[in-house]
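Residue numbers (the working numbering): 78 to 552. Report on the structure given below.
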Amino acid sequence: MEETKFDIIVIGGGPAGYVAAIKAAQLGAKTGLVEKDTVGGTCLNRGCIPTKNFIKSAEFIYEMAEAAGRGINLESTTFHMDMPGAVKAKNKVVKKLTGGIGMLLKANNVEIFKGTGTAKSANEVLVKDPSSGTVLKTLKTGAVILAGGSEVVKLPIPGVESDRVLTSDDILDIQSVPERLAIIGGGVIGVEMAMIFAAFGSKVTIVELEKTILPFMEKEASDIVLKSLKKKGVDVKTGIKLEKFEETTSGVNLTLGSGETVEADRALLSIGRKSDLSCIEGSAIETERGKITVDDEMKTSVAGIYAPGDVNGRKMLAHAAFKMGEVAAVNAAAYAGVKNCKGREKADMRFVPSVVYSIPEVASVGMTEAEAGEKHEISVGTFPLSANGRALAAGAPEGFVKVIAERTYGEILGVHIAGHGASEIINEAAALMAMEITVHEVSEIIHGHPTVSEAFMEAAADCLDKCIHLPPVNN
């Protein structure tokens with residue numbers, strides 16, 4: 078059996094894996110990457126990029142319905158949703174991006190092996206046929222980076238194997254709009270899909286076990302999204318357990334713990350993802366609760382093996398995986414003895430922004446108000462987008478920016494945004510928090526006008542009770 082010697086072998090070509098491979102190659106390491114599917118992983122092929130494509134289509138539809146309020150009198154606002162056309166447009170974007178990653182890997186001389194990768198040790202990786210499990214190739218290496226990503230979670234609920242119960246992977250290639258769509262899970266995926274398919278014409282019902290949708294977000298942000306969903310005709314049922322699915326002649330029925338039945342043509346199971354640990358099959362690598370245990374250097378319990386991204390479950394976000402992949406590559410290169418690589422880099426996950434691409438968007442970075450209040454004396458500043466000129470001009474006055482700061486020195490502990498442009502503004506907050514900029518300084522930074530991002534500066538000023546564009550509290 079053919080054996081090839083590398084400095085570093087990366088298993089998995091998703092956000093953590095392809096970034097790790099490119100970074101390792103840039104450091105001078107002879108690098109190989111094992112990928113069973115298309116490079117780009119969940120994010121590019123089945124997650125953030127495809128859903129954003131559909132979200133943009135949904136925004137067009139919602140804005141068309143609001144055109145008359147701007148003096149744009151359309152002859153008709155009726156439309157027909159061509160799902161095969163929408164899927165084709167989505168696939169075009171995905172293909173362009175995954176093709177670009179392939180070109181980057183090739184340009185950096187990363188050798189790609191098609192198959193399922195398994196780490197036998199820090200010095201040996203098996204490449205197997207995904208279907209038969211037959212070993213196709215043995216790769217010898219100086220270090221291994223495990224970036225196997227994640228897979229869809231399936232609950233052990235009676236009836237879940239029905240073809241009418243879709244995963245978040247399945248629904249991105251659906252060829253017709255369901256007349257009735259039941260979504261199980263009111264987290265990021267569930268909320269985004271509800272916004273999308275409500276715009277496309279489905280009667281959507283969300284069933285969420287927790288007492289609120291988006292339970293990890295600030296309540297004010299969750300409440301704004303809930304209000305928006307209801308305005309769009311989505312029926313949201315919270316604090317209710319799903320008991321079973323039952324296939325019918327025309328669709329699928331959901332029996333809830335309350336005794337209620339939800340009738341649907343299709344159901345979407347969107348309760349999250351779990352680490353894909355197939356890359357450590359039979360190895361002694363330490364795991365905890367289904368995730369590979371790593372330190373801040375992305376080192377596993379086995380010397381010479383690193384595990385960035387979703388496989389470690391620290392932050393299951395593509396942008397966090399990018400950073401973890403880079404850190405893993407630097408440290409793996411040092412372990413493998415690559416010239417001039419000293420390693421010892423760490424991934425700081427304190428200021429990783431989270432975004433929900435709902436309509437309106439919500440985003441956060443750092444602590445919630447409750448978390449910050451348990452550890453510090455805090456001050457909280459809030460600026461409503463109803464007082465922001467750009468948001469009003471855009472017809473998007475719903476939302477706010479909230480800044481949570483340590484009271485004595487003004488350290489920014491958390492920023493929470495709901496509204497137009499939240500996904501972009503949150504990056505300014507994350508950058509300034511990482512640089513240890515205080516609310517005193519943010520409140521003095523001149524922002525362009527009119528912009529929604531001004532609201533971040535205004536909220537920082539409100540932390541200090543000196544916001545110009547809000548009336549005094551006691552007035």
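We treat Cβ as the ideally placed atom computed from N, Cα and C, and that holds for glycine.
Classification of T175 by the beta-carbon crowding that lies within 10 angstroms, buried from 16 upward = buried
key: Opposing strand residues paired with R257 [DSSP bridges]   = K280
request  = Rank E112, A341, K423, H396 by C-alpha distance to the C-alpha of E374 and give the top, closest one.
outcome  = The closest CA to that of E374, considering only E112, A341, K423, H396, is found on K423.
query = In terms of alpha-carbon separation, which member of F190, A101, V230, P235 lies closest to L213?
reply = F190
request  = Out of E152, M294, I348, point me to the one whose CA is closest to V284's CA.
outcome  = Of E152, M294, I348, the residue nearest in Cα terms is I348.
request  = Look up S431 in the DSSP assignment and say whether it is helix, strand or coil.
outcome  = Assigned with DSSP and collapsed to three states, S431 falls in strand.
message = If I follow the unbroken alpha helix (DSSP H) through H546, where does it start and stop?
response = Careful: H546 lies outside any alpha helix (DSSP H) and carries neither H nor E.
inquiry  = Taking its Cβ as the centre, do 16 or more other Cβ atoms sit within 10 Å of A470, making it buried, or is it exposed?
reply    = exposed
ask   = Taking the beta strand (DSSP E) that H493 falls in, what are its first and last residues?
value = 489-495
At least three beta-carbon pairs within less than 8 Å, the stretch 91-103 to the stretch 133-151 = no
request  = Mind checking which residues open and close the alpha helix (DSSP H) that includes N330?
outcome  = Unbroken run through N330 is the beta strand (DSSP E), 329-333; no alpha helix (DSSP H).
query = How would you write the range of the alpha helix (DSSP H) that V230 sits in, first residue to last?
reply = Secondary structure note for V230: it is in no alpha helix (DSSP H), with a DSSP letter that is neither H nor E.
message = Relative to the C-alpha of T218, which candidate in A166, D114, E201 has its C-alpha closest?
response = Ranking A166, D114, E201 by Cα distance to T218 puts E201 first.
key: Inter-residue Cα distance where the pair is A473 and V379   = 51 Å
key: Cβ pair H517, L490 closer than 9 Å   = no
request  = Count the other CB atoms, across all protein chains shown, that sit within 10 Å of the CB of N186; report buried if there are 16 or more and exposed otherwise.
outcome  = Around the beta carbon of N186, fewer than 16 other beta carbons lie within 10 angstroms, which makes this residue exposed.
task = Over the uninterrupted alpha helix (DSSP H) stretch that includes S441, give me the two end residues.
result = Segment 439-443 is the beta strand (DSSP E) holding S441; no alpha helix (DSSP H) there.
request  = Use the C-beta contact count for A498: other C-beta atoms within 10 angstroms, 16 or more gives buried, fewer gives exposed.
outcome  = Looking at the sequence shown, residue 498 is not Ala but Gly. Burial call: buried.
C-alpha gap between F533 and E505, whole angstroms = 9 Å
ask   = Which residue's Cα is closest to the Cα of I266: V230, V254, Y486?
value = V230
inquiry  = With H, G and I counted as helix, E and B as strand and the rest as coil, what does DSSP make of E269?
reply    = Three-state DSSP puts E269 in a helix.
inquiry  = Give me, in chain order, the residues of the same chain whose beta-carbon lies closer than 8 Å to that of I514; leave out the 5 immediate sequence neighbours on both sides.
reply    = The beta carbon of I514 lies closer than 8 Å to those of I489 in the same chain, with the five residues before and after it left out.
inquiry  = Beta-carbon within less than 6 Å of A538's beta-carbon, same chain only, minus the 5 sequence neighbours each way: which residues are those?
reply    = S520, C544
Cβ separation of A224 and V87, assumed to be a contact under 8 Å, to the nearest whole Å = 6 Å
ask   = Going along the chain, which residues of its own chain have a beta-carbon closer than 7 Å to the beta-carbon of S239, five neighbours each way excluded?
value = F322, E324, V329
key: Beta-bridge pairing of G458 - partner residues as DSSP gives them   = V480
DSSP-derived helix/strand/coil call for L319 = strand
query = A536 and A409: beta carbons closer than 9 Å?
reply = No, these two residues do not count as a Cβ contact at 9 Å.
task = Determine the DSSP secondary structure at A199, reduced to helix, strand or coil.
result = Note: A199 maps to coil in three-state DSSP.
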